[in-house]
Every structure is written in structure tokens, then in C-alpha cells.
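So the protein sequences, as listed, match chains A and B. Numbering-wise (the numbering used here), the first sequence opens with residue 1 and increments by one. Numbering-wise (the numbering used here), the second sequence opens with residue 387 and increments by one.
Protein chains: 2
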Amino acid sequence: MPQSPIRKLVPYAENAKKRGIKVYHLNIGQPDIKTPQVALDAVKNNTLDVIAYSRSEGSETYRAKLANYYAKNDIIVNHDDIIVTTGGSEALLFTFGSIMDAGDEVIIPEPFYANYNGFSTASGVKVVPVVSKIENNFALPPIEAFEKLISPKTKAILICNPGNPTGYLYSKEEIQKLSAIVKKHDLFLVADEVYREFAYDGQEHYSVMQEDGLEEHAIMIDSVSKRYSMCGARIGCIVTKNKDVIATALKFAQARLSPPTYAQLASEAALETPQHYFDEVIDEYVARRNVLIEKLNEIDGVKVAKPKGAFYCIAELPVDNADDFAQWLLEKFDLNGETVMVAPAAGFYSSEGLGLNQVRIAYVLNKADLVRSVNILKEALNQYKG
Amino acid sequence: MPQSPIRKLVPYAENAKKRGIKVYHLNIGQPDIKTPQVALDAVKNNTLDVIAYSRSEGSETYRAKLANYYAKNDIIVNHDDIIVTTGGSEALLFTFGSIMDAGDEVIIPEPFYANYNGFSTASGVKVVPVVSKIENNFALPPIEAFEKLISPKTKAILICNPGNPTGYLYSKEEIQKLSAIVKKHDLFLVADEVYREFAYDGQEHYSVMQEDGLEEHAIMIDSVSKRYSMCGARIGCIVTKNKDVIATALKFAQARLSPPTYAQLASEAALETPQHYFDEVIDEYVARRNVLIEKLNEIDGVKVAKPKGAFYCIAELPVDNADDFAQWLLEKFDLNGETVMVAPAAGFYSSEGLGLNQVRIAYVLNKADLVRSVNILKEALNQYKG
């Protein structure tokens, strides 16, 4: 089982805190945004007196309301096209287990969400990476690059849209290119769309579920974690029109009995979140992104891809090994008693040797803290080089 | 992925209900017992305004209090011997993934909790069954039977104590026999002890964690589901003194980020449940068991093992195929508009052809409903034979 790259520096951060150093966490996707009141209230006002199993596929009412939410997002599905899972993590694990056998292959543009490695290992599946580049803002690699990697063992292409860790938002045209190739080779197109709402600069998110003729191939992974700042609820889902996938995923769901009951209450209520909540959140993230990218670009030798969605960016730093640098930031450096924690990007690549001088930065801190963090990073880079 | 035998009759039960038939559910382990008020209140009175990730291994305070709870049960562990999981299900899945590779084998006395099959399949691991018999109340099979099955691929022996579906409570002597054999062959002894409190007739539960010298071999699986009637919370844990197992299981835990936050609040508070809650619950289950066993024994041709723990029993029925009979109960039979749903026991066996005339009955209904259910079963058996 591979070590999560986001977590491996945790002991160094804990030691830094013990030494009295304030650590700004640019390394994790835990937003500081308040959970919608309507979701918090649903749990506080619940009247359950037996915390019983729910249905393995998730409560009937929640799935029905979810289908309505998707319809508003131009994704037309029924409640029985949905299996509620314990977070997007479990949705990925069930999907891998349902569509692949041990030894099968899934093609994923890299850098990718590092835990895809863990779920692959747990399912005995091999990740075949296709490189996307910082120079192109991590756009979809040429479709020929995918084509070259397809083998008899290839069962699926997996994308994250908008992307963690890249912040890249795939265009409709890019989704259609992927759609064509999965139809041609009879593969699944699995799309992790948990950041759907986080699309910036007037761009629209285009889901694999919107693509005509892709019904048997498209599997959408979703989660309430980021949408409603409810990471700890642990509710996600699998959405697909493919009945065989639903039937197999249901067996996985039944084996683990049910998704968490309280969290389903919160998630169902969260669907009533007023639009102004999202407007404010998106405004806030755009402002954070802008200040972060502007400040990072002011540092000599730093190259950064401008994210169009989610709340991450990949930055290339003027260091040989971002892993060592990230550890040094926590072990040896502080600026007036403060330092930053970043996620070394090599763990988001599957190809050995890629991303060694890159880090992922999550802009989940307020603007003032982000500015402060980038100043710390700048001074650290000065001293590290010198 | 194998189908859960407990779930496969669900569509028939739903159809029966649509026809206006009342169905008594003897098939599932969802207790009707109220969750402790202290746990319900902890959630209702929570003051969280961001439902954030917890630590992947579970919150520090919860694990510390869990260690205290175990100490009261003569199980001496530290908080860092514990990884909090999303239900006992995930604890089993992480354990299988941590101690076995694809193709490895785990020996399990059958009949066993059917979802062990699902977790084995998901982990690519092979279940090797060793038969326990209704004639012996499903006591531990002779240790020689285990010995014969041990191969170079064997990595663990898994028991459920007290047993689901058997209700059997292993004695200290039986645990010590298992302890000797796992030490001799350097295997793990995994014990699913989620029914620890449900030990009847003055018998004491003896944990694998109490056995001296077994520290590197013993892994305990636990859950709040049955103890506090909080099945829907989805909180369990892995407990072991083996640091390598903890380190590997932590990687699985990190890949799925965290166990559910609300449910951890409930579970931490549940540790303050007053003793009289358990006393009342145990009294209730003993009374239910007694009336159930007495009534079942009054039916011609029914043989039943008397359970010493948990809240299940296996009953042998005078039918050729309990699967067909269970379906018939839901599709073709009613007594004054009522019928019963039972879990055919074949799904709890791994050996083909065993348990075909057995069912698992969960005594999670009140006494009056249990009596009524057994009367329905008796009349059904009359008609089914005739």
C-alpha cells in the first residue's frame, strides 16, 4: 500500500508545532469554509432514537433528491442510477472493484489525485499514467498518447474534472475526445467530478454524464466533501446509467452494509443550500486563487499553472527536490516563528522522476494567510538556494 | 463479488409488503433497541460549524477513551494500538489488505458472517473453511482440523466471538488452543469481537487481546454498531499491538481520508453509557433468546443450537432447501396477512452443499413478535411439507 504523499510530512509538521512554530497548511484540501447552516441544522434537529442501518445503496429520499440536483446541472439520471457511498473514496474503490479484475489497467492523466494509487493497489489494478504538462496548464494530453497506452488489459480511463491537483477544467471538446476513444475501444470513462461547482472565469463544467451515447461507458464519482465543506461527513456516490456496474457496485455496498446515517441526513439537507452560499464561496476561491497566483508569479524561478477550477495549483519551484525542500521548511526553517507545509508533487505522478521540483498548493486559507504563506515561501526559497 | 445472502431475498420481501403482507424480519441484525441517550445527545448538541476531516486513524480523544473502555474489559492497549474505521466492515477490509496479499489464505470456522466472503473477494484472498457443527452448538472444531488446512499461503485464522451467525461464545481454553496454533505456524489470529457485551448465562467473554505472548499475532476487530445499537453510525476499529499491522492499516486509512465525524462524536459519547443500559439490554436479549429457542424446539423436525452470545441462532428446518423455503415464505405464504423473513444459512458456509436446510434467525424483535414469528414459521412448515 503506497504512502499518501500528503500525509508523509505530518510528523515533521507536528514536531514544528511542538517547537512553537506556526504552520500554514497549504498541503491539504480541508476548506476553512463554513458548512451550510441547513446541513448543520438537519443533524442538530434530528429525531432519530435508533441509529439504524440505511439501505446499502443510500436512503431512497436522498437519492431521489440527488437526481433532482443533477437534473439542475443538466445531468439526467434516476435515483436508481445512484449508489451512495462513504465518501468519494469509497465510490472510487467500488468502481475499481466493479469494472476491473486484478491485473487490469486504468489510464490516468498525471499528475493525479494521489489516493488513486492507493485504491488501485487495494484493487490489484495497475495505473498507467499519461503525462499532462505544466506548460499547457495540464490540459488533456493528445488523444494519441492515450491510444498508444491502450492494451488488452485496459478497462478504463480515469479523469478528475476539475482536477486535483492541477485545477484544470476539461473543455466539452476534450470530454468528447475522451468519449470517442472509450467508445472505440469499449472502455469505461470514469470522471471524478467532486469539484463540479468550482469552475471559474465564467467557464462551464461539462460532465461525462451529459455526453449522448456514452451511457454504457460513463461513470461519475461524486462527493459532498468539497461542495458543502463537509469533508468529515463521508458521503459520496457513484452515478452511472450502466446497470451492470450498478448491480456489481451494489454488492460491494451490501458487503459494507450502509453509508453513515447522520451524514446522509446532513447531505440530504445540504441539497437545499441557497445559491448565494455557492456564489460567495466561488467569489472567495477566485479571489484566493488570484492573489495566490499573482504572488507566486512574483517569486523568481517559480512557474505556476493557472487553475480554472477546484482549489489547488501545481507550482514548479527552483529546487532540485521538492520533497527535501518541504521537509526542510518544517524542520529547519521559520520566518518570525512561522512556516508553511506544502505537498510535494512527485506523489501525484506515477512516472518515476516526474514532478520532483513541483508542489501542490491548496488555496483553502483566507487571503491574508495566503499572502503571508507565499511571503514565507519566497524567503524560504531565498535561504534554501543560498 | 458474491451476493450477500442476507440481502438477496429483499426484493421478495418488498413485493410481499406491496401486497399488504406484514413481514417479520428475522433475517437482519438491526436491533430495535434504542441508542443510548448520551450518544444521541452528543450529536444533537454538537457545535461544529465546519464538518472537517478527522485524523485518518480516528480522533485522538476518541481513541484515548476507547483505550480506557478496553482496560475495563481487561484488554490493555494504548490509543496508538487503535485505528478507527468506518464500521467493523472497513476494519476487516483494512486488516485483510494489511496482512495478506492476493492469493493468500485465511482459515475461518464455518458457518461464518457472510460478508467475510465479500471482503475476501475484494482483497483477492481465499477463504479456507473449517466446519463447525450444529450438534456441538458450533463449538471450535478440533485443532487438528485447522492444522490440516494450513498451507504456505495461510496467513491468518479468523474467528467471530461471540459468533454471528452461530451465537457461540468461545471459551478461554478454545482461544488458547488457537493461540498455540497461530504461534506455532506464525499466523495472525483475527477476532471479530463486536458482540463482546452479549455473553449470556454468566459466561465471560475472553478476548484474543488478553492472551499473553500473542501480541504480535492478535488483531481485534470491533464496532459500536451492536454494542450501542448504532449500526448506522458506521464506526469500528482495528486493535493490535503489532506495529507493522498498524502502520500498514494506517496507509489504507489515509487513502480514504477519515472515518465519519458525526459518528465519532456519537461513539465517543456512547462510551459514557451507564451500566444499567447494558444490563437491561442483556436481560432483554436473554429473554428473547429463551422464548425463541423454546418455541423453535416445539416445532417438529426443527433443531436449534442454543446461543451463548450475540443475538443470532442457526436453526435446522425440515426442508430440503432453506433458500427455496425462505423465498416461498415471502412469495406464496401468509398467516392472516403476516409472514416471516429468514436468512438462508447456505450463504454463511463456504463449503458447497453445507447448511442447505438451515436458516439464521436474529432475535432482534420483541418477545411478542418473536412468538408470533415462530408460530408463523410453524404453520408455514406444516403447509410447505403438505
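Built from N, CA and C at the ideal position, the CB exists for glycine as well.
Proximity to Tyr53/A across Glu294/A, Asp186/A and Tyr262/A peaks at Tyr262/A, based on C-alpha coordinates. Per DSSP, the continuous beta strand (DSSP E) segment holding Ala191/A begins and ends at Phe188 to Asp192. Only buried fits Lys541/B, as 16 or more other CB atoms lie within 10 angstroms of its CB.
In the three-state DSSP reduction, Ser484/B falls in the helix class (H, G or I). Counting every other CB atom within 10 Å of its CB across the protein chains shown gives Gly553/B a total of 16 or more, marking it as buried. Spanning the alpha carbons of Ala253/A and Val371/A requires a straight line of approximately 44 Å.
Excluding residues up to 5 positions away in sequence, Glu316, Leu317, Pro318, Val319, Asp320, Asn321 and Ala322 lie with their Cβ nearer than 8 Å to the Cβ of Asn357/A in the same chain. Remark: C-beta atoms of Arg289/A and Tyr384/A do not approach each other more closely than 8 Å. CA-CA distance, Ile134/A to Lys303/A, rounds to 8 Å. Asn464/B and Tyr455/B have their C-alpha atoms spaced approximately 11 Å apart.
The Cβ of Ile51/A sits closer than 8 Å to at least one Cβ of chain B.
Excluding sequence positions up to five before and after Val127/A, its CB lies within less than 7 Å of the CB of Val106, Ile108, Tyr116, Asn117, Ser120 and Ser350, all in the same chain and listed in chain order. Fewer than three beta-carbon pairs drawn from the stretch 391 to 406 of chain B and the stretch 18 to 38 of chain A are found closer than 8 Å, and the two stretches are therefore not classed as touching. If you draw a straight line from the Cα of Phe94/A to the Cα of Leu479/B, it comes to about 13 Å.
By the criterion of a C-beta distance shorter than 6 Å, Phe482/B is surrounded in its chain by Phe505, Ser509 and Val511, once the five residues flanking it on both sides are discounted. By the neighbour-count criterion, in which 16 or more other beta carbons inside 10 Å mark a residue as buried, Asp192/A falls on the buried side.
Our two residues, Asn242/A and Lys153/A, have alpha carbons roughly 20 Å apart in a direct line. In this structure, Ile82/A and Gly58/A form a Cβ contact; the two beta carbons are roughly 7 Å apart against a cut-off of 8 Å. By the C-beta criterion, the stretch 593 to 613 of chain B is judged not to be in contact with the stretch 707 to 722 of chain B, since fewer than 3 inter-stretch pairs fall below 8 Å.
DSSP places Leu544/B within a strand segment (E or B) once states are collapsed to three.
Closer than 8 Å to the CB of Val131/A there is not a single CB belonging to chain B. Here the alpha carbons of Asp466/B and Tyr448/B stand approximately 11 Å from one another.
Chain-order list of chain B residues neighbouring Asn115/A: Ala641, by C-beta distance under 7 Å.
Per DSSP, reduced to three states, the secondary structure at Ser373/A is helical. Judged by DSSP in its simplified three-state form, Glu216/A adopts coil rather than helix or strand.
Interface flag for Val576/B against chain A is unset, since no Cβ pair is found closer than 8 Å.
Look at Ala362/A here: in three-state DSSP terms it is strand. Per DSSP, reduced to three states, the secondary structure at Asp720/B is coil, with no helix or strand assignment. Take the alpha-carbon of Gly301/A and the one of Ile282/A: they are about 29 Å apart. Met616/B is a Cβ neighbour of Ala652/B, given a cutoff of 8 Å. Remark: C-beta atoms of Tyr12/A and Glu331/A approach each other more closely than 8 Å. For Leu40/A, the chain B residues whose C-beta falls within less than 8 Å of its own C-beta are Leu434, Asp435 and Ile437, listed in chain order.
Look at the stretch 12 to 51 of chain A and you find these whole runs of beta strand (DSSP E), each 3 residues long or longer: 22 to 25. Here Asp104/A is buried. Its C-beta has 16 or more other C-beta atoms within 10 Å. Closer than 9 Å at the C-beta level to chain A, one finds no residue of the stretch 656 to 667 of chain B. Proximity of chain A to Gln713/B at the Cβ level (cut-off 8 Å) is not reached, the minimal Cβ distance being about 18 Å.
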